[in-house]
């Protein structure tokens, strides 16, 4: 049986069902203006063909598409506002394929038996209706991540084993993977040094998408801060890892995050964490200290660079 964790930060784990569908027909009603909300909305009648069931099982009529009605909204002002509705701003052209992430638990006693005491799968219309759909995503780039995670779940891989399967796939990883991996950091922190090093190597892999990188960084830092104080080598590698990420091309958008939040919290310069002296962080790797100082010297124009430089220079002569 597939694992379902309703409160998980991973939409894959939160979902009881993940279904790949194709739009067969779409019939949108006219837009209804709601100027007081800054948007317009309409009801769209969709007929969907189920292409593949990636998680969970639904009952479908093979000769008949699944008919559902969904609400679509879009903004009508120049001010960008949150747009409600999982189907909002989604193209509905015939032939488009989507992944539907759904949470549906049949009411007690509502399912007929499928033999051997096993409940029959719920009707596809109940599962795929808008009320029970958590998220709608395009198939491209998302399907591979869902299948990667579902295979890890099916094979009951440890996080280290899961990371070992990613060779050659880093460019394809996206937030769906990162959210799932982030729920399992406890398997590594102070428990699996080799696995932890693999995680850090992934975080600093130049092929990793920036948003995915941020989710991985924040998941691991959250675990490290909750466990503080702990085995110092784990904190030392995390700090060095963040300096390596600062030096990666394409990470400019998160430089302020690293300098203002990630490093100060991890080092105990802000927040409730224990203070971690630079002399001990770089004790086994003086070259990383030099590289960090050189980068900070070259980027003094970036806000929040100075406190980190002062932390390094407080106890070390470059």
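Numbering (this note's numbering), first residue to last: 883 to 1200. Virtual Cβ for every residue (Gly too), placed ideally from N, Cα, C.
- Run through DSSP, which three-state label would residue 1068 get? helix
- Message: Going by beta-carbon coordinates alone, are residue 1019 and residue 903 separated by less than 9 Å?
- Response: no
- Mind checking whether residue 936 and residue 1017 have CB atoms under 9 Å apart? no
- Query: Mind checking whether residue 1073 and residue 1044 have CB atoms under 9 Å apart?
  - Reply: no
- Would you kindly report the start and end of the unbroken alpha helix (DSSP H) that includes residue 1161? 1160-1163
- Apart from the five residues on each side of it in sequence, which residues of its chain come closer than 8 Å, Cβ to Cβ, to residue 1078? 1070, 1071, 1116, 1119
- Item | Pair within 9 Å by beta-carbon distance, residue 969 and residue 945 | no
- Beta-carbon spacing of residue 1189, residue 1132 below 9 Å: no
- Could you check the C-alpha separation between residue 1007 and residue 1057 for me, to the nearest Å? 28 Å
- Query: Is the stretch 1139-1153 in contact with the stretch 1098-1113, if contact means three or more CB pairs nearer than 8 Å?
  - Reply: yes
- Item | Residues near residue 1200 in its chain [Cβ-Cβ closer than 6 Å; skip 5 each side] | Confidence in residue 1200 is poor, its pLDDT being 48 and thus under 50, which makes the residue's placement unreliable; the coordinate value appears in the next sentence. Around residue 1200: 1175.
- From the DSSP output, in three-state form, read off residue 971 for me. coil
- Query: In angstroms, rounded to a whole number, what distance separates the CA positions of residue 893 and residue 1061?
  - Reply: 8 Å
- Query: Just the Cα atoms here: how many angstroms apart are residue 950 and residue 931?
  - Reply: 11 Å
- What first and last residue would you give for the alpha helix (DSSP H) that runs through residue 1179? 1168-1180
- Message: Suppose the cutoff is 8 Å on Cβ atoms and the five residues either side in sequence are ignored; what does the same chain contact list for residue 1124 look like?
- Response: 1099, 1140, 1144, 1145, 1148
- Task: Tell whether a beta-carbon distance below 9 Å holds between residue 963 and residue 920.
- Result: yes
- Taking the C-alpha atoms as reference points, what is the distance between residue 1103 and residue 1093? 15 Å
- Message: Looking at residue 1194: is its Cβ nearer than 9 Å to the Cβ of residue 1160?
- Response: yes
- Which class does residue 1017 belong to by DSSP, given the choice of helix, strand or coil? strand
- Query: Where residue 985 and residue 1196 are concerned, what is the direct C-alpha to C-alpha distance, given to the nearest angstrom?
  - Reply: 53 Å
- Can you check DSSP and say which residues form a bridge with residue 951? 927
- Message: How far does the alpha helix (DSSP H) with residue 981 in it extend, from its first residue to its last?
- Response: Looking at the DSSP string, residue 981 is not in any alpha helix (DSSP H); the run it does join, the beta strand (DSSP E), is 979-984.
- Item | Runs of alpha helix (DSSP H) wholly within the stretch 884-916 (minimum 4 residues, chain order) | 893-896
- Task: Would you decide whether residue 1022 is buried or exposed? Buried here means 16 or more other CB atoms lie within 10 Å of its CB.
- Result: exposed
- Task: My understanding is that residue 924 touches residue 910, with C-beta atoms under 8 Å, so please give their C-beta distance in whole angstroms.
- Result: 5 Å
- Query: How many Å lie between residue 1187 and residue 1181 at the Cα?
  - Reply: 7 Å
- Query: What does a CB cutoff of less than 7 Å around residue 967 pick up in its chain, not counting 5 residues either side in sequence?
  - Reply: 953, 954, 955
- Query: Helix, strand or coil: which one does DSSP assign to residue 1200?
  - Reply: Residue placement at residue 1200 is flagged as unreliable, the pLDDT there being 48, under the threshold of 50; a coordinate-derived value is accordingly withheld.
- Task: Return the residue from the list 1183, 1114, 1126 that minimises the CA-CA distance to residue 1157.
- Result: 1114
- Message: Nearest by alpha-carbon distance to residue 1047: which of 1003, 1080, 977 is it?
- Response: 1080
- Beta-carbon proximity list for residue 888, same chain, < 8 Å, skipping 5 on both sides: 896, 985
- Message: Going by C-alpha to C-alpha distance, which of 1191, 1170, 1130, 1000 sits closest to residue 1151?
- Response: 1191
- Message: On the CB-based measure, 16 or more other CB atoms within 10 Å of its CB, does residue 1004 come out buried or exposed?
- Response: buried
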